[in-house]
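In case it helps, this note's numbering puts the sequence shown at residues 206 to 268.
The beta carbon of each residue, even a glycine, is placed where N, CA and C say it ideally should be.
Predicted, not measured: the structure shown is a model, and the values here were computed from it.
Take a look at the structure below.
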Amino acid sequence: MEEKYARYYGDGVIEIRIPEDEYNRYFKGYERQYEDGPEMKMPIPHGAFGQLNSYERLCTNDA
């Protein structure tokens, strides 16, 4: 799904590497089904950005 958005909006993709135990603790609860399909989306609230931004990020611009 992220590649589709990157092509549509002309931006790259930011991959965030989060250890599984921390993902499950801090972020798994934000997972939501995307448009009744098999893909998931994650609307991260602004209050969780500090935690999210503490992880390694890789930015690609394949669009």
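Reduced DSSP secondary structure (H/G/I, E/B, other) of residue i
i	result
Glu225	helix
In DSSP terms, what residue i is bridged to
i	result
Lys246	Arg237
Arg262	Ile221
Chain-order list of residues whose beta-carbon lies under 6 Å from that of residue i (same chain, five-residue window excluded)
i	result
Cys264	Gly217 and Ile219
Met223	Checking the sequence, you will find Ile at residue 223 rather than Met. Answer for Ile223: Tyr260, listed in chain order.
Nearest residue (CA-CA) to residue i, options the options
i	options	result
Phe254	Tyr239, Tyr231 and Lys246	Tyr231
Tyr210	Arg222, Tyr239 and Ile223	Tyr239
Same chain, Cβ closer than 8 Å to residue i, five either side skipped, listed in chain order
i	result
Met247	Phe232, Tyr235, Glu236 and Arg237
Cβ neighbours of residue i in the same chain (closer than 7 Å, five flanking residues each side left out)
i	result
Leu257	Ile221 and Ile249
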